[in-house]
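Below is one structure, written out as structure tokens, with a few remarks after it.
2 protein chains.
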Amino acid sequence: MPSSDVVRISFKERMLQAREEAIVSAAGRLMAEKGFEAMTVDEVAAQVGIAKASLYKHFPGKEDLAAAAMLRVLRRAQAVVQAVPADAAPLDKLRAVARWALEAHLAGDMPTLPGPNSALRTALVRDKACRESLTDIGERLGAWIDAAGKSGALDPALPRAAVLYTLYARACDPAAGFLKAEGRYSDAQIIEWALGACFDGLRAR
Amino acid sequence: MPSSDVVRISFKERMLQAREEAIVSAAGRLMAEKGFEAMTVDEVAAQVGIAKASLYKHFPGKEDLAAAAMLRVLRRAQAVVQAVPADAAPLDKLRAVARWALEAHLAGDMPTLPGPNSALRTALVRDKACRESLTDIGERLGAWIDAAGKSGALDPALPRAAVLYTLYARACDPAAGFLKAEGRYSDAQIIEWALGACFDGLRAR
DNA sequence: GTCTATATCCCGATAGAC
DNA sequence: GTCTATCGGGATATAGAC
Numbered sequence: 685m686p687s688s689d690v691v692r693i694s695f696k697e698r699m700l701q702a703r704e705e706a707i708v709s710a711a712g713r714l715m716a717e718k719g720f721e722a723m724t725v726d727e728v729a730a731q732v733g734i735a736k737a738s739l740y741k742h743f744p745g746k747e748d749l750a751a752a753a754m755l756r757v758l759r760r761a762q763a764v765v766q767a768v769p770a771d772a773a774p775l776d777k778l779r780a781v782a783r784w785a786l787e788a789h790l791a792g793d794m795p796t797l798p799g800p801n802s803a804l805r806t807a808l809v810r811d812k813a814c815r816e817s818l819t820d821i822g823e824r825l826g827a828w829i830d831a832a833g834k835s836g837a838l839d840p841a842l843p844r845a846a847v848l849y850t851l852y853a854r855a856c857d858p859a860a861g862f863l864k865a866e867g868r869y870s871d872a873q874i875i876e877w878a879l880g881a882c883f884d885g886l887r888a889r
Numbered sequence: 685m686p687s688s689d690v691v692r693i694s695f696k697e698r699m700l701q702a703r704e705e706a707i708v709s710a711a712g713r714l715m716a717e718k719g720f721e722a723m724t725v726d727e728v729a730a731q732v733g734i735a736k737a738s739l740y741k742h743f744p745g746k747e748d749l750a751a752a753a754m755l756r757v758l759r760r761a762q763a764v765v766q767a768v769p770a771d772a773a774p775l776d777k778l779r780a781v782a783r784w785a786l787e788a789h790l791a792g793d794m795p796t797l798p799g800p801n802s803a804l805r806t807a808l809v810r811d812k813a814c815r816e817s818l819t820d821i822g823e824r825l826g827a828w829i830d831a832a833g834k835s836g837a838l839d840p841a842l843p844r845a846a847v848l849y850t851l852y853a854r855a856c857d858p859a860a861g862f863l864k865a866e867g868r869y870s871d872a873q874i875i876e877w878a879l880g881a882c883f884d885g886l887r888a889r
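Below, the structure is given as structure tokens:
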């Protein structure tokens with residue numbers, strides 16, 4: 685009965701994909717929670733409920749696992765960037781993406797920015813898919829930054845790279861995490877404050 | 685000959701203090717460069733030029749070493765805070781401290797902010813001297829924040845804690861590090877941009 | 001107190017049965 | 001592909017001679 689074979693194979697593959705998705709998801713949560721270095725492969729396997737050796741059948745090493753987790757986030761970011769209304773003002777586009785990143789950050793779905801000399805960073809630049817995704821995001825945001833600068837919406841003293849890096853950094857703003865840890869404010873409130881600090885600064889306008 | 689004894693003892697103690705200072709300094713540099721988790725005690729000992737066992741005669745463990753390194757920068761920050769001219773405007777006081785922190789950060793003397801669930805953070809809150817130094821800094825900055833808020837210099841939408849945490853986060857702004865890594869801008873230029881992004885935001889004024 | 005040498009443990013990665 | 005059991009390396013930490 686070929687048809688039943690097809691169904692069984694498809695079912696198996698779905699299970700495999702689901703398991704891989706679970707692994708990457710757990711890795712992403714742990715990386716967001718404690719960072720790449722402090723995360724252990726045993727923890728990831730334990731959270732998924734499988735043995736460590738099984739995990740190594742899916743990913744050849746810890747760094748590839750981290751790259752897969754980061755790629756998932758980057759792909760989501762790409763989708764968000766592409767879903768921003770094209771007719772919005774450039775600055776509002778940037779703000780919309782920043783808001784999404786902060787929401788993901790507070791929800792525990794956004795790994796912290798890798799340090800310049802981190803092992804994670806080298807793993808990311810070695811992964812071709814991650815590089816491509818990141819440069820695509822950078823180019824799209826860069827175009828918005830240029831447009832916003834020309835329309836006078838951005839501080840003209842800041843070069844394009846400074847704005848771009850600042851946006852990357854604010855997406856994982858530790859200040860938001862500290863405020864959330866106090867437990868006194870809602871996520872929505874914290875996000876508004878963080879966006880205000882990012883685009884309008886601490887000074888009164 | 686008591687006097688020669690006194691001299692010799694004092695000399696020995698000076699050497700010991702100098703060695704401890706060298707150890708803490710090396711630990712601080714390495715923590716700033718690669719983070720607490722990635723830093724190994726072997727590296728610290730190697731940089732100082734002593735055996736690892738000798739280092740363990742000075743500090744009972746890696747976490748105590750890290751706490752000593754953090755305490756040193758906290759003490760420096762306290763000195764900077766106290767040295768700010770008392771007659772300056774509150775916002776300018778905050779800006780002066782932020783400028784100092786960014787300079788230290790770019791010079792490689794400022795360890796990165798410990799994550800909320802980091803092992804480093806638990807080591808810091810366990811150390812009494814670190815706690816006291818940190819609360820002292822927080823109180824002094826908090827007073828300036830309150831004064832700046834009353835005089836209308838700060839965004840009234842931002843609560844005191846949000847401003848304080850944002851200042852802590854901006855002291856180690858990763859965006860500044862990324863700009864420095866490009867190698868195209870001077871430290872002074874980067875600091876001006878970072879201060880502008882912190883206090884005035886990305887938007888044009 | 002400083003050294004060499006070692007103990008002990010943990011983590012990433014693997015072997016091999018099923 | 002999944003498991004149990006283990007290897008090998010590197011990290012923290014210590015023992016003991018000097």
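As they're listed, the protein sequences go chains U and Y.
Per our numbering, numbering of the first sequence is gapless, rising by one per residue and ending at 889.
Per our numbering, numbering of the second sequence is gapless, rising by one per residue and ending at 889.
C-beta atoms are modelled at their ideal positions from N, C-alpha and C, and glycine is treated no differently.
Values in this document were obtained by computation on a predicted structure and should not be read as measured data.
Excluding the 5 residues flanking it on each side, D820 of chain Y has same chain C-beta neighbours closer than 8 Å at Q762, in chain order. Ranked by how close their Cα comes to the Cα of D857 of chain Y, the residues Y:D839, Y:E876, Y:K812 have Y:E876 in first place. Under the three-state reduction of DSSP, R759 of chain U is assigned to helix. Between the stretch 783-803 of chain U and the stretch 821-840 of chain U, the count of C-beta pairs closer than 8 Å stays below three; the two stretches do not touch.
DSSP links L838 of chain Y through a beta bridge to U:R887. Within a 10 Å sphere around the beta-carbon of R854 of chain U sit 16 or more other beta-carbons, which makes this residue buried. Comparing alpha-carbon positions, the option among U:L886, U:C882, U:R889, U:R887 lying closest to L775 of chain U turns out to be U:C882. Proximity to E747 of chain Y across Y:A772, Y:I734, Y:V725, Y:Q766 peaks at Y:V725, based on C-alpha coordinates.
Here V809 of chain U is exposed. Its C-beta has fewer than 16 other C-beta atoms within 10 Å. Among the CB atoms of chain U, none fall inside 8 Å of the CB of Y740 of chain Y. In chain order, A853 make up the part of chain Y whose C-beta sits under 7 Å from the C-beta of D857 of chain U. In this structure the stretch 705-721 of chain U lies against the stretch 796-803 of chain U, because at least three pairs of beta carbons, one per stretch, are closer than 8 Å.
A878 of chain U is positioned such that its CB atom lies no closer than 8 Å to that of A865 of chain U. Distance from the Cα of K777 of chain U is smallest, within the candidate group U:W828, U:S738, U:V728, U:A807, for U:W828.
Of all alpha-carbon atoms in U:F862, U:G826, U:A813, the one lying nearest the alpha-carbon of L848 of chain U is that of U:G826. Not one beta carbon of chain U lies nearer than 8 Å to the beta carbon of G867 of chain Y. Contact check for L739 of chain U and V757 of chain U: beta-carbon distance about 19 Å, past the 8 Å limit, so the pair fails to qualify. Under the Cβ distance rule, A773 of chain Y does not count among the residues neighbouring chain U, no pair being separated by less than 8 Å.
Here F862 of chain Y carries a helix assignment [DSSP, helix/strand/coil].
Note on geometry: alpha-carbon atoms of R889 of chain U and R889 of chain Y lie some 8 Å from one another. Residue nearest to T850 of chain U within the set Y:A753, Y:A711, Y:G880, Y:L700 is Y:G880 (criterion: CA-CA distance).
Considering only U:V764, U:E704, U:Q766, U:R824, the residue with the shortest C-alpha distance to F743 of chain U is U:E704.
Only S802, A803 from the stretch 802-830 of chain U bring a Cβ to less than 8 Å from some Cβ of chain Y.
In the DSSP annotation of this structure, the continuous segment of the alpha helix (DSSP H) that includes L790 of chain Y starts and ends at 774-790. Among the residues of chain Y, none has a CB under 8 Å from the CB of E747 of chain U; the nearest is roughly 14 Å distant. Under the Cβ distance rule, P800 of chain U counts among the residues neighbouring chain Y, one pair being separated by less than 8 Å. The residue from U:Y852, U:R779, U:D884 with its alpha-carbon nearest to that of L818 of chain U is U:Y852.
If you compare the alpha carbons of U:K696, U:A752, U:R868 with that of C814 of chain U, the shortest gap goes to U:A752. Under the criterion of beta carbons closer than 8 Å, A716 of chain U and T796 of chain U qualify as touching, at roughly 7 Å. The distance from the Cβ of V732 of chain Y to that of A710 of chain Y is about 5 Å, consistent with a contact at the 8 Å cut-off. Taking 9 Å as the cut-off between beta carbons, the residues of the stretch 774-785 of chain U near chain Y are L775, L778, in sequence order.
When the five nearest sequence neighbours on each side are left out, the beta carbons in the same chain lying within less than 6 Å of the beta carbon of P798 of chain Y are those of L804, R805, in order along the chain. For E727 of chain Y, the enclosing alpha helix (DSSP H) begins and ends at 725-732.
In the three-state reduction of the DSSP assignment, S870 of chain Y falls in the coil class, being assigned neither a helical nor a strand state. Chain order gives the chain U residues near K718 of chain Y as G799, N801, S802, where near means a beta carbon separation below 8 Å. Membership of V768 of chain U in any alpha helix (DSSP H) is not indicated, and neither H nor E is assigned to it by DSSP.
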